[in-house]
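S.K.: In this text, residue positions in the sequence shown follow the numbering used here: the first is 17, and each later residue adds one.
For reference, the structure I am asking about is given below.
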Amino acid sequence: MHSKIANLFESNVWNNLFPNKLSSLIFISYMVLFINQGLLVTATKTADNKYTYSTIAAVFFTECTKLFIAISIYLRDKKLKELVPDLIASKNVFALYFVPAFLYCVYNNLAFVNLQSFDPTTYYLLLQFRVVVTGIIYQILFKRKLSNRQWFSLILLTCGCIVKNFGQMKMTSSSFLSFSILLILFQVFCSCFAGVYNELLLKDNNTHIMIQNIYMYSASIFCNFMVYCATNYNKMDETFSVSILENLLQPLILAVIVNNALCGIVTSIFLKNLNSILKTFASALELVFTAIFCWILFHIAIDMYTIVAIAIVSYATFLYSRNPVVNRPLPSSLELKTDEEQVDLISENNRKSNVDNV
């Protein structure tokens, strides 16, 4: 009897976290692609931790590849002659995508600025506050109150990510008392708001997801190109010279570009079917697994801080899995204050359904 109840509870928890097999496949694919991206980028570095290719050109062609993939996937479902009418029909949505595209552009450019002010470990440590900020913005934009357990798991996840980098951090008083800390907090805000706002756009209308991706990547290419022209006008010839473009044709660098493009496509599908909160957990798990694979492939040592971080992140993920943000829609007549109440209701309905079937 007890085992049946336990199995039913575990089944309900799993179903709330991943409503169907596709959602669990999306979650795993997201992690695999981003872990692979970290490994590929690490493999392209030289012994003195530098790149032999233009990262600016690589980012630009990554966005172009995303756009090409989005159009290709769209043409699997629709005909080419329907593309332009569909783009025109949802032109108002296109304008909205300039918000996340511009914020991501600011985020990417601030990354270079902030890495000049902080050592890499401190920089990535401070970025972990994205977890909590994502929760706050998620509540505001989706008008959904997170439960105490969800907040505790998010804070615990933040602590785990901080511990991961804490052992290597070189903290100075100037690191936290300068204008740079405001810039990195603004960078965190740009990333979180863009991510949650993108999720809102993906879920708030019936436009084909690949049409939305076409809007997103077109806006992103435009924003990045305009910002680059404004800040590097005299270096245009250098950035896209024949020699630099030929450098990108190396198999490993092409793999970085294609894999990064797939990361973008899968992220949009992730946000469409799951949510930004679960994405923070996927990113944290990605951080842990990347450390493990770097140890295996590149012999980069795993210190005690990483081991402690793995334990904290694992427990935070387990805790969140007991009370996740519910992805399945509920009847509009139900006005529930928290996801915990929604989980209870769905569990109760499932229990009644199982009793009726006996």
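Think of the CB as a built atom: it goes at the ideal place given N, C-alpha and C, for glycine as much as any other residue.
Please read these numbers as outputs of a predicted model, since none were measured by experiment.
Helix, strand or coil for Pro35, going by three-state DSSP, please let me know.
M.R.: coil
S.K.: Per the DSSP calculation, Tyr67 is bridged to which residue(s)?
M.R.: Under DSSP, Tyr67 shares a beta bridge with Lys61.
S.K.: So Tyr113 packs on Ala235, CB below 8 Å; how close in whole Å?
M.R.: With 8 Å as the limit, Tyr113 and Ala235 qualify as a contact, their Cβ atoms being about 5 Å apart.
S.K.: Suppose you measure from the CA of Leu261 to the CA of Phe84; what does that come to, to the nearest Å?
M.R.: 18 Å
S.K.: Between which two residues does the alpha helix (DSSP H) harbouring Asn248 extend?
M.R.: Premise fails: Asn248 is in no alpha helix (DSSP H) and is neither H nor E.
S.K.: Would you be able to state if there are at least three C-beta pairs under 8 Å between the region 267 to 283 and the region 137 to 147?
M.R.: no
S.K.: Which runs of the beta strand (DSSP E) fall wholly inside the region 200 to 226 and span at least 3 residues, in chain order?
M.R.: none
S.K.: Are the Cβ atoms of Cys279 and Leu49 separated by less than 8 Å?
M.R.: yes
S.K.: Near Met226, what residues of its chain come up, given a Cβ to Cβ distance below 6 Å and the 5 sequence neighbours on each side ignored?
M.R.: Ala86, Ile89 and Tyr90
S.K.: Please state whether DSSP places Gln166 in a helix, a strand or coil.
M.R.: helix
S.K.: Which residue marks the beginning of the alpha helix (DSSP H) containing Tyr321, and which one marks its end?
M.R.: Met320 to Arg338
S.K.: For the region 230 to 246 and the region 301 to 316, state whether three or more C-beta atom pairs, one from each stretch, are separated by less than 8 Å.
M.R.: No, the region 230 to 246 is not in contact with the region 301 to 316.
S.K.: Can you list, in chain order, the residues of its chain whose CB lies under 7 Å from that of Val243, leaving out five sequence neighbours each side?
M.R.: Cys121 and Asn125
S.K.: What three-state label does DSSP hand Val109 in the structure shown?
M.R.: helix
S.K.: For Ile281, name the three-state secondary structure that DSSP assigns.
M.R.: helix
S.K.: Let me know the secondary structure DSSP gives Ser196 once reduced to three states.
M.R.: Annotated three-state conformation of Ser196 is helix, per DSSP.
S.K.: According to DSSP, is Phe286 helix, strand or coil?
M.R.: helix
S.K.: Could you check where the alpha helix (DSSP H) with Ser257 kicks off and where it finishes?
M.R.: Unbroken run through Ser257: none, as it is neither H nor E.
S.K.: Once DSSP output is grouped into helix, strand and coil, what is the label at Lys94?
M.R.: Annotated three-state conformation of Lys94 is coil, per DSSP.
S.K.: Grab me the residues of Asn36's own chain with a C-beta within less than 6 Å of its C-beta, minus the 5 sequence neighbours each way, in chain order.
M.R.: none
S.K.: Under the rule that 16 or more other beta-carbon atoms within 10 Å means buried, what is Thr71, buried or exposed?
M.R.: Classification of Thr71: exposed, given that the 10 Å Cβ count is below 16.
S.K.: What is the C-beta distance between Phe158 and Leu216, in whole angstroms, given that I count them as a contact (C-beta under 8 Å)?
M.R.: 7 Å
S.K.: Can you tell me which of Ala73, Ile318, Ser39 and Val115 puts its alpha carbon nearest to the alpha carbon of Leu264?
M.R.: Ranking the options by Cα distance to Leu264, first place goes to Ala73.
S.K.: For Pro116, tell me which candidate among Ser196, Ser284 and Arg165 has the shortest Cα-Cα distance.
M.R.: Ser284
S.K.: According to DSSP, is Asn276 helix, strand or coil?
M.R.: Three-state DSSP puts Asn276 in a helix.
S.K.: Compare the Cα-Cα distances from Leu56 to each of Asn276, Cys208, Ala327 and Asp93 and report the closest residue.
M.R.: Asn276
S.K.: Let me check you understand the geometry: is the CB of Phe195 closer than 7 Å to at least one non-hydrogen atom of the ligand ADP?
M.R.: In terms of ligand content, the structure shown is empty, and the ligand ADP therefore cannot be addressed.
S.K.: Per DSSP, what kind of secondary structure is Gln53 in: helix, strand or coil?
M.R.: helix
S.K.: Assign Ile11 to buried or exposed, taking buried as 16 or more other Cβ atoms, counted over all protein chains shown, within 10 Å of its Cβ.
M.R.: Nothing about residue 11 can be reported from this structure: the residues present for the chain run from 17 to 374 only.
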